[in-house]
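One structure is given below, encoded as structure tokens.
Numbering (the working numbering), first residue to last: 77 to 558.
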């Protein structure tokens, strides 16, 4: 019998596994796919390595910093700052039709940009930042307040409100046209007060370190092992059945599959109907969660992303930004497109070339990545031939939209790839390919069943640092005390 089973070898699952294994637990991570990482994974195509989800590692702080999520995470997982090989961004931008705000890992740059573009708002902006710094991450009441409502109280210029919401929604909101004040506060600090970094060789560097540490501590990692059912007896999760019919028992289970996806796996068992009656007595007395939640809405916000490989560095074309968040009107529309496969009015443009890598090293190829909101149902309804044609069409449309805000790189493109919401669904198993999960989070990670917890986006943490923090938090709160 295992002490802990973890469903999903993404960032949160690996981090939780390290934490549990460090304290001597017998722990196994079960992953349906042939590789680790979930959406933050990687693949190889036509001789080149690609990251699936990584634009940037947020929450970056330099070596020696004692506070902040990155420093706390490194201490909890027993890594050094050098282990993740993070290089800081060169500088990013929020681009609207008539105004652009530059920002970097130095928050004084954004402040100076606000003072330049919105001089009447600088005092209000300073008060807003002070309020964000004092925000209590653990106060669930504050988390439920509308970020738009707070921003409209603090700021007078609606354009500044839209420009601040744009990057933070794209990088962390599961709600249409708004986000929770708590999530806004976390994202503002992680993106605009701390900032972006990236390993030169991409997300595989972080995944390699996590896997190595987990295995060194005795953790078991099983790929190609999907979970078909979670076994529940008298209100308590007691194990799983894998896709190939194997029964694996455990004292507790952590799932990164998502709230709805996890609860759909739960099946009640009784007696020895599944061959587990003889050892059911080994489990503690069942303690069902008395706070069974009301049904929670599904998340449906998802994305398409194009990848363009260039025959030169983007800087040679005059593009020196790391990430550009763009919107083509004074109002930012952040919602699932209703009629089209994707919404090209806004998006994110990222170049992994534009980080300050050690010794001025460069990536072998120029890379431009473009992200846009998308509709899962429309993509999922396409036949294989329609799907291939749609990818070609929307690659062109997304690129044409992006080059309104950055130098036109199309003539220098030598290879391309694209993923859609159905790709996200395949890698993460999340309904609708919902990148940030459901709008209402389950912040304590508990479920209606004792011994079953969730981690990751539906627990409320997004991004690479956020996902790992979620895994560590759930281990510390629940898994180490059973």
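Heads up, the beta-carbon is just placed ideally off N, CA and C, and yes, glycines get one too.
A quick note: this is a predicted structure, and the numbers were derived from the prediction, not measured.
For residue 296, the three-state secondary structure derived from DSSP is strand.
When the beta-carbon positions are compared, residue 102 and residue 131 stay at least 7 Å from each other. Distance from the CA atom of residue 187 to the CA atom of residue 156, rounded to whole angstroms, is 31 Å.
Apart from sequence neighbours up to five positions away, the residues of its chain that approach residue 555 with a beta-carbon distance below 7 Å are 80, 92, 96, 328 and 330, ordered along the chain. By the criterion of a C-beta distance shorter than 6 Å, residue 107 is surrounded in its chain by 85 and 299, once the five residues flanking it on both sides are discounted.
Note that the C-beta distance between residue 94 and residue 289 is below 7 Å.
Exposed is the label assigned to residue 437, since fewer than 16 other Cβ atoms lie within 10 Å of its Cβ.
Under DSSP, residue 494 shares a beta bridge with 382. Per the Cβ contact rule, the region 483-496 is not in contact with the region 397-415 (fewer than 3 Cβ pairs under 8 Å). Taken in chain order, the complete alpha helix (DSSP H) segments of 4 or more residues contained in the region 423-461 are 452-456. Within the region 499-531, the runs of beta strand (DSSP E) at least 3 residues long that lie entirely inside it are, in chain order, 528-530. Residue pairing of residue 127 in beta bridges, as defined by DSSP: 118. For the region 236-295, the continuous alpha helix (DSSP H) assignments of 4+ residues that do not extend past its boundaries occur at 257-263 and 279-292, in sequence order. Our two residues, residue 118 and residue 426, have alpha carbons roughly 16 Å apart in a direct line.
One Cα belongs to residue 272, the other to residue 179, and the distance between them is close to 10 Å. A check of alpha carbon separations from residue 399 across 419, 382 and 424 identifies 424 as the nearest.
In the pairwise beta carbon analysis, the region 149-167 is classified as not touching the region 379-390: fewer than three pairs are separated by under 8 Å.
With respect to residue 378, residue 510 sits close: the two C-beta atoms are nearer than 7 Å. Residue 94 is not bridged by DSSP to any residue.
Around the beta carbon of residue 234, a 10 Å sphere encloses fewer than 16 other beta carbons of the protein chains shown; the residue is thus reported as exposed. Residue range 78-83 is occupied by the beta strand (DSSP E) that includes residue 78. In its chain, beyond the 5 residues on either side, 335, 369, 372, 530, 534, 535 and 536 have a beta carbon closer than 8 Å to the beta carbon of residue 518. Between residue 134 and residue 270 the beta-carbon gap is near 7 Å, inside 8 Å, which marks them as a contact.
Excluding residues up to 5 positions away in sequence, 94, 97 and 98 lie with their Cβ nearer than 8 Å to the Cβ of residue 293 in the same chain.
Under the Cβ criterion (8 Å, minimum of three pairs), the region 306-313 does not count as touching the region 187-197. Residue 161 sits in coil when the DSSP states are folded into three classes, being neither helix nor strand.
For the pair residue 505 and residue 110, the Cα-to-Cα distance works out to about 14 Å. Taking the CA atoms as reference points, residue 122 sits about 34 Å from residue 547. For residue 176, the enclosing beta strand (DSSP E) covers residues 176-179.
At the C-beta level, residue 279 and residue 127 come within 7 Å of one another. Around the C-beta of residue 145, 16 or more other C-beta atoms lie within 10 Å, and the residue is accordingly described as buried. The beta carbon of residue 333 lies closer than 7 Å to those of 83, 84 and 505 in the same chain, with the five residues before and after it left out. Residue 305 places its beta carbon 7 Å or farther from that of residue 283.
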